[in-house]
Each structure stands twice: as C-alpha cells, then as structure tokens.
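Residues 726 to 1211 in the working numbering are what the sequence shown lists, from first letter to last.
Idealized CB from N, CA, C, for every residue including glycine.
This structure is a prediction, so every number in the text was calculated from the model and none was measured.
Single-structure report; data block below.
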Amino acid sequence: MKLYFETVHSLHDKIVNKEIKAAEVAQAVVSRLEETEGKVGAYLDVESEKALNAAKKTDEKIAKGEEIGFLEGIPGAIKDNICTKGVKTTCASKILENFVPPYNATVIDKLTAANYAFLGKANMDEFAMGGSTENSAYKTTHNPWDLERVPGGSSGGSAAAVAAGSAYWALGSDTGGSIRQPASFCGVVGLKPTYGRVSRYGLVAYASSLDQIGPITRDVTDAANILNIIAGHDEMDSTSSKKAVPDFTKSLTKDVKGLKIGCPKEYFADGMDAETEKSVRGAIDALKAMGAEVVDISLPHTKYAISAYYLIAPAEAATNLQRYDGVSYGARVDGEDIVSLMTNTRTAKFGNEVKRRIMIGNYALSAGYYDAYYLKALKVRTLIKQDFEDAFKSVDIIATPTAPTPAFKIGEMADPLQMYLQDIYTVPINLAGVPGISVPCGFTAKNLPIGLQLIGKPLDEETILRVAYAYEQAHDWKDKRAGGDA
Ligand code: GLN
C-alpha cells in the first residue's frame, strides 16, 4: 500500500522498528496533499513545515533511543472550529476570517503534549452547520471517491483529507452527525464520543449541549488510540465527564459472542435506499455470524428527532453566535451608528445557512413562541433519550445505517429541508448524548462508500469500538482507498 494511505498504527510500528523514518512518512503525506488538494480542497490552511519539523524531531528521538507516542511524526488535520494557538481558526466563516486564537483548545493541548504533527486546518460547513461542506464561505470540498460528489459535513474537509491520503488522521466535531456522516460518505471511520467524554473547551460553539469532538481515521484501532489521547475530564469544561477513562485499545480484540445488538425498526423504514439497506443488513448478519445476538427493537420517537434537533440546535446557535457583533468579537463592517455597524457586519459576514438558523433559533426562543417550540423540543429530546435508555435495558449496542444515502452530488441538495432530512439517523444520538461510530460496510454499484453506525450506552465507547473492530477485521473494506490506487 502507498505510504500516504497507511494507518497511523502501522506507520507508528514501522517508525519504532526503524523500518522507516518519520521524515519519509511526513514527506509522503505532504507530497500527496500537494498532488490532490487542487481537486479535493480539504484544507483551509496547510502547515507542511510544521508537520515536517515534527517528524524531524521524532527521528532525532528514535536515533537517541527514546520512546515515542502513538501520533509522533504522523501528520493529521484539525477541523477549523477547533482553536489552535497562533494559527487562524475561521470556522469556514468570513466573520472569523482573521481570527487567530490566543489559546489552544484542550484537545490541542493534549495532542501537543503527545507531540503530534500538525498538518493544517480542515474545511467545514460554516460554524459546522450543514451536511455537505458546501456551506463553507471559502471553498467546496470534493469527495475523493467521486469528485462530483460532496464529502458530507460538516467535518467534510477532515474526512476527505483522510480518504484522499492528504492526512493520516483528523479531528472533527459532531453536533448532529458531522463526524459520522462524512466518515460514511468518505469510506473512513468516524467516532462521536459520549457527550462529555472529550473536553469542548476551545471548540467554537455551535450547539453547546450537543457538540462533541472526535477522531476521523482509516481504521478502528487508530480511532481508539486517538480517543485515548483526547478524552478525559477538563476543569475548563464543566460538562466534561469525571468518570475514569479506560484504555480504549484494550478491549478491541475481545470477541462479540453473546453481545446483544438491537436493530431499530424506525431506521430501516420502507423506501430506504436499497444499496444502503443491503450493505447495513449484510454487516449486521456478519456480526450475527460471529456470535452476536441480533434483536429487533423500537425507538418510537425517532420521527420527531429532526424537528426537535432543528429547534434546539438553532436556538443554541442563535445564542452562541450573538458574540459576533462587530464590536466584541470577529470581523467588523462599519456603520453610521452601533446598530447599523452590527447589522452591516452580520449581514455581510454570515452565510445564508447561518443566518437561516439564527432566525429560526431566535424565533423559537422568542416570548410567545418559547413554550410552543423550544420547550416542546426539549421535552421531545427527553423522550428520545428515554427511547435509548429503554432499548439499552435489553441490548448492548444498537446498529443502524449512518446516513440514508451514499454521498450525493454537489448542488443536489439545494433545498435546506432536504438537507436536514439527511440527518435522521445521526441527530437522535446527539440528542441522547450517547456515543456512535461509523465504519465502512460496503460500496454501491458506483463505488461510493456506505457506513454502518454502531451506537453505545453512555460512556461505553469500548463496546462500540470492539464491535466495530470485530466487523472491520472480517472484511476488506478497511483496505480500500479512494481513487483505487491503494
Ligand atoms: N448536519 C447537521 C446540521 O447541519 C449536523 C451538523 C453537525 O453535526 N455539526 O446541523
């Protein structure tokens, strides 16, 4: 396999065993980036020098006989809504076009402590609002499997870079599916940890009660290793969990015999995409053949999830985005007085989807409508959470498709409502706060990847990682690479 397509763990082993130099590993991905970026457009900012320098340091350590950590010398991309000290963090928005954070997100501090090699900032939908990366104010990212199609979103740049061979791994964020759906569209692994498992400090807020950072990787082993690095309580994020963080790699190889897997009937409705259904059902059958028990379950409030999510997320977003007023924060467009300054700034610098959500959110929160919309959505959220709690009384994990269709064409989802409906299989997981992972489970006749979503109990990333690993080992999807030139 081409070097730039290898997994982090295989490269790490080769660097440690002196089969290869970290400098070669870093150079391979930098060259690949230069070759593919014009077509894929995964990055908003490329920091090749930083990546190559980090690799040089890794080689010096190896030469001195020192131990190195998992990510050392193996460059990765960071979604552009995660604050990187001294490096522009724009959230793919014009309102933050010149924002250089004076501090690191906690995940970046943790990666820095692990001597990671930073390769650049990945494109995304503006403020993580979207499912195709077409809402970026700067560029459209193309899916490496078919350049006419979207990579998914909002972490589309992160997923496309990992799929294209222009990053060995990436971080994304997931508020309603933004790690899992692009992972599914790009044929890679995407893990949304339990709400609170990873600190949100320094993640530019979209919907604070739903946002979570997680890894996008080429296989499950890499995802487990990166979660090991970024997980844990943080006193800068009071919603981060104080529960002990296990070594997520430890349970990967346990078999799946006797595990109970629930299949919610609401996620396999009539009229679903035939190729998606076939691959996902095939994956569930494969887990059954490995000794897991598969049972039909119901998550009865699923049909209300999109409505609840598209009130709660915009309501939180409208509040979070108030700070970009041209005075206290972000870009400024002058006006005759303070009101026109704020109006001019927000009119010129926010994109249409962001404006739409601010309006929906403020409407849902306004006096007279609060009870009918926002409060009701919160009640529905509780019912959705209870659906999962009930289901997890009888099953260990839940298996579903990640997305209702494979990657769609750029420009195909022009109607915002159509785009929102795409999130039906992912938003309930955020509303419930539970962990979910997407692993490749097949390809369509047009060679587009399909993702299997595995959903776990709160803070039980171990079990979904273990089932994902068992499934992955039994198939060769993990060895397929975009462009067919693995
Ligand atoms: N597609 C969903 C939205 O537009 C999810 C986005 C996300 O998870 N950040 O809100």
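In three-state terms, what does DSSP make of residue i?
i	result
D995	coil
C988	strand
E1018	strand
N860	coil
S1119	helix
G1051	coil
R757	helix
K1134	strand
S1032	helix
P1141	helix
S735	helix
V914	strand
N1126	Sequence inspection shows Pro at residue 1126; the Asn mentioned does not correspond to that position. Here P1126 sits in strand by DSSP.
L977	coil
R925	coil
A983	Residue 983 is actually Gly in this sequence, not Ala. Coil, per DSSP.
A797	The question names Ala, but residue 797 is Glu in the sequence shown. E797 falls in the strand class under three-state DSSP.
A930	coil
T865	coil
L1184	coil
T1027	helix
D972	coil
A1112	Contrary to the premise, residue 1112 reads as Asp rather than Ala in this sequence. Helix, per DSSP.
T919	coil
Cutting at 8 angstroms between CB atoms, please list the residues of its own chain near residue i, excluding the five before and the five after it.
i	result
I1135	S857, E859, T865, H867, E873, R874, V875
D980	M1015, G1016, A1195
Assuming residue i is part of the beta strand (DSSP E), what are its boundary residues?
i	result
P1174	1174 to 1181
V1079	Per DSSP, V1079 belongs to no beta strand (DSSP E); it is in the alpha helix (DSSP H), 1077 to 1090.
C1166	1161 to 1168
K804	801 to 804
D770	768 to 771
I941	938 to 942
S818	Counting along the chain, S818 falls outside any beta strand (DSSP E), and DSSP gives it neither H nor E.
G1093	Where G1093 is concerned, there is no enclosing beta strand (DSSP E), given that its DSSP letter is neither H nor E.
A895	895 to 898
Quick one: what's got a C-beta closer than 6 angstroms to residue i's C-beta in the same chain, skipping five residues either side?
i	result
P1039	R1082, I1085, G1086
K1074	K819, I820, A1056
A1193	V945, I1162, V1164, L1179
E797	T783, N840
G890	Y729, F730, R757
E759	none
A802	L844, G845, A847, S883, A886, A892, A895
Once you ignore the five residues that flank residue i on each side, which residues in its own chain have a CB closer than 7 angstroms to its CB?
i	result
I745	K739
F1117	K1182
V923	V832, Q937, I938, G939, I955, A956
L1146	I1031
D1021	C988, K990
V741	I793
A753	L728, Y729
G1051	R1057, V1058, L1066, M1067, T1070
For residue i, report the span of its alpha helix (DSSP H) as first-last.
i	result
D947	945 to 955
V1152	1152 to 1157
A847	First-last for A847: 843 to 847, but that is the beta strand (DSSP E), not the alpha helix (DSSP H).
A838	831 to 838
L1066	1063 to 1074
State whether the stretch 1122 to 1132 contacts the stretch 983 to 1001, with contact taken as three or more CB pairs (one from each stretch) at a distance under 8 angstroms. yes
Do the stretch 1150 to 1162 and the stretch 886 to 903 meet, that is, are 3 or more Cβ pairs less than 8 angstroms apart? yes
Are three or more beta carbon pairs between the stretch 756 to 775 and the stretch 836 to 851 nearer than 8 angstroms? yes
Three or more C-beta pairs below 8 angstroms linking the stretch 947 to 954 and the stretch 967 to 980: yes
Three or more beta-carbon pairs under 8 angstroms between the stretch 803 to 823 and the stretch 1062 to 1076, yes or no? yes
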